[in-house]
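Protein chains: 2
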Amino acid sequence: MSSGALVGTKGVPRPEREQQIIAAAVDEFAARGYAAASMVVIARRAGISKPLIYQYFGSKDGLYLTCLHSVAGGLLDRLEVAELSVDDSVASRIHALQAVFEALEPQPSAWQLLYDTTKPSDGPIAAAAQDYQRRTAALAASGSERFLRARGLTDSLDASALTAVWMGLVDSLVLWWLHHPQETAADMVQRCYRLISAVTAG
Amino acid sequence: MSSGALVGTKGVPRPEREQQIIAAAVDEFAARGYAAASMVVIARRAGISKPLIYQYFGSKDGLYLTCLHSVAGGLLDRLEVAELSVDDSVASRIHALQAVFEALEPQPSAWQLLYDTTKPSDGPIAAAAQDYQRRTAALAASGSERFLRARGLTDSLDASALTAVWMGLVDSLVLWWLHHPQETAADMVQRCYRLISAVTAG
DNA sequence: CGACGAACTTACCCTGCGGTTACTTACCGT
DNA sequence: ACGGTAAGTAACCGCAGGGTAAGTTCGTCG
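Below you can see the structure in the form of C-alpha cells.
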C-alpha cells in the first residue's frame, strides 16, 4: 500500500511523543481547565489518538499530574533562586517577576495550570497542587513579612493578605502577557520596572 | 398520609424558590465553574429536584445568566458611583475597594462568577459576560490612564497592563476575603488602607 | 528471512450530564 | 365541596467523555 497507513506505528519514539502530548495537554488544560478539557481533543491536537495517551500516562489524572510537574517544577526552582535577590524594597521584586517571565517564555499558557480552579478538590492532583501552592506561598510570604516588618506592621493577617495580593499581581501580569504575545520576557520586565516606579513615586 | 409527601407541592411560592435556587447556583457555579457545575447538584443544594429548575429558568444557560445579572448588575452600579471619588492618587482607590466589598458582603463567593474561565466562549452568556467585563475594564482603564498621565507616562500598553494589574489586585483581595470569612467588609477596607499606605510609603 | 516488541488505531462499554415527559400533591377562589 | 392551577417529582432519552480490548503496522535483531 502506498497511501493510507492509518493504523500502525509512525516511527516516533516514545519520549518525543510524550513531549508532544504534554505540550498539547498543557495548552488544552490551560485553555479549558481540567474539568472541561477533553482527552480526545488533546489527542487530536497532538496528532495521535486517545488510547496512546492512556498507554503512556494511564489516566486523565496522570496526564494532568505530569503536566503540572513539568510546568511547576522548573518555575519554582527558578523562583527560589530569584527570591534571594529580593530585599525589603518594592523595587527589588522585579527579580522575582523576571524569573517568572523567563521561565514561562517557552509556553506562557502553562501558567494557567497553576491557577486552574476546576481540578479535583481531593486526591493526588489536589495534593500536588497544594504542595506547589504551599511552596510558592511560603516564598511570597517570607517576602511580605520582611516588607511589612521594615515598615512597622506586624499583623499576621496583614502579611497573609499582602502575600495574596502579590501573588495575584504576578498572575495578572502573566495573564496580560498572554493577551499580548508579541511582547518578550525582557519587554515585560522593563514594563514592570516602569510601572513599579510610577506607583511607588506617590 | 402523614409522613412521606415525596412528590407534590411544598407550598413554597415561586419567587422565594427562585431566590433559593439562585443562591445555591451562585455557590455551585462559583465553586466549580460553569462547565463543571452540575444541575442535579444545584438542585440538591437548593432542596428541590432538577426539573423545577428547568421549569423556572429554562436551561443551564438561563440559570447562569440569571445568576450573572444578579451578581454583576448591583456591583457595577455601585462601582460606577464609587469611581467618581477616585482621583489620581493611589490612596483614593480605597473607595472602589470599599464599593466592591460592600456589594459582595451578602454572598462573597459571587465574585468568582465574574472570573469564571469555563463559561462558553460564544452565545448569550459570552455576550453578557463580555459586556460586564467591558464596563468594568472601562472604569478601571480611565483610572489607570489618569494615574499614569499624572506621572508622565503615556504608553497605552502601560495603561493596559496597569489596568489588568489593578483588576487582578481587587480579585486577589476578594479571594483572600473568601478564605477569611470572619472578616467584615469594614475590616477589609481598613486592612487595605493600611497596606496601601505601607506600599506607597517607599 | 522470521518473529518479537514497540508504536499506533478502530470500535466498543459505561457512567454522568443536560434536558423532557408524564404524573402527583396542595392551595385557593367560587 | 370542588375544580383549576401552581408547585413539585420519578423516570426516562440522547449524547459526550473517560477508559478499555483487541487488533494492525513497522523497526530491529538474531
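Those protein sequence lines, which keep their order, are chains A and B. Each residue of the first sequence is one higher than the one before, counting from 1 in the numbering used here. Each residue of the second sequence is one higher than the one before, counting from 1 in the numbering used here. Glycine included, C-beta positions come from ideal geometry on N, C-alpha and C. Since the model is a prediction, treat every value here as computed from it, not as a measurement.
For ARG151(B), the nearest beta carbon of chain A is closer than 8 Å to its own beta carbon. LYS60(A) sits in a helix when the DSSP states are folded into three classes. The contact set of TRP176(B) on chain A, defined by CB atoms closer than 8 Å, consists of SER160, ALA161, ALA164, VAL165 in chain order. Among the CB atoms of chain B, none fall inside 8 Å of the CB of ALA129(A). Using a C-beta cut-off of 8 Å, the stretch 109-122 of chain B makes contact with the stretch 22-38 of chain A, since at least three inter-stretch Cβ pairs fall below that distance. Counting other Cβ atoms within 10 Å of its Cβ, ASP131(B) stays below 16 and is therefore classed as exposed. For SER172(A), the C-beta contacts it makes with chain B under 9 Å involve ALA161, ALA164, VAL165, TRP166, MET167, GLY168, LEU169, ASP171, SER172, in order along the chain. The beta-carbon distance between ALA43(B) and ILE53(B), rounded to whole angstroms, is 6 Å. This is short enough to meet the 8 Å contact definition.
A distance below 8 Å separates the beta carbons of ALA137(B) and THR163(B). Between ALA91(A) and ALA82(A), the CB-CB gap reaches or exceeds 8 Å. Straight through space, the alpha carbons of SER197(B) and ARG151(A) are spaced by roughly 10 Å.
The beta-carbon separation of PRO108(A) and LEU178(A), rounded to 5 Å, stays under the 8 Å limit for a contact. At a Cβ-Cβ threshold of 8 Å, MET188(B) and LEU173(B) count as neighbours. Separation of ALA99(A) and GLN182(B) (C-alpha to C-alpha, rounded to the nearest whole angstrom) is 35 Å. Unbroken alpha helix (DSSP H) stretches of 4 residues or longer found wholly inside the stretch 40-128 of chain B: 50-57, 60-83, 94-104, 111-114, given in chain order. For GLU28(A), the three-state secondary structure derived from DSSP is helix. The residues ALA30, in chain order, have a CB closer than 7 Å to that of GLN112(A) in the same chain once the five nearest residues on each side in sequence are set aside. Per the C-alpha coordinates, the member of PHE57(A), SER156(A), VAL26(A), GLY47(A) positioned closest to THR9(A) is GLY47(A). One thing to note: LEU75(B) has its Cβ no nearer than 8 Å to the Cβ of LEU139(B). One alpha carbon belongs to LEU157(B), the other to ILE94(A), and they sit about 18 Å apart.
ARG32, GLY33, ALA35, ALA36: these are the residues of the stretch 25-44 of chain B whose beta carbon lies less than 8 Å from some beta carbon of chain A, given in chain order.
Across the stretch 63-95 of chain A, CB contacts with chain B closer than 9 Å involve SER89, VAL90, in sequence order along the chain. Scanning LEU65(A), GLN190(A), CYS192(A), ASP27(A) for the CA closest to the CA of PRO124(A) turns up LEU65(A).
Within the same chain, and ignoring the five residues on either side of GLU28(B) in sequence, the residues whose Cβ sits closer than 8 Å to its Cβ are ALA37, SER38, VAL41, ILE42, ARG45.
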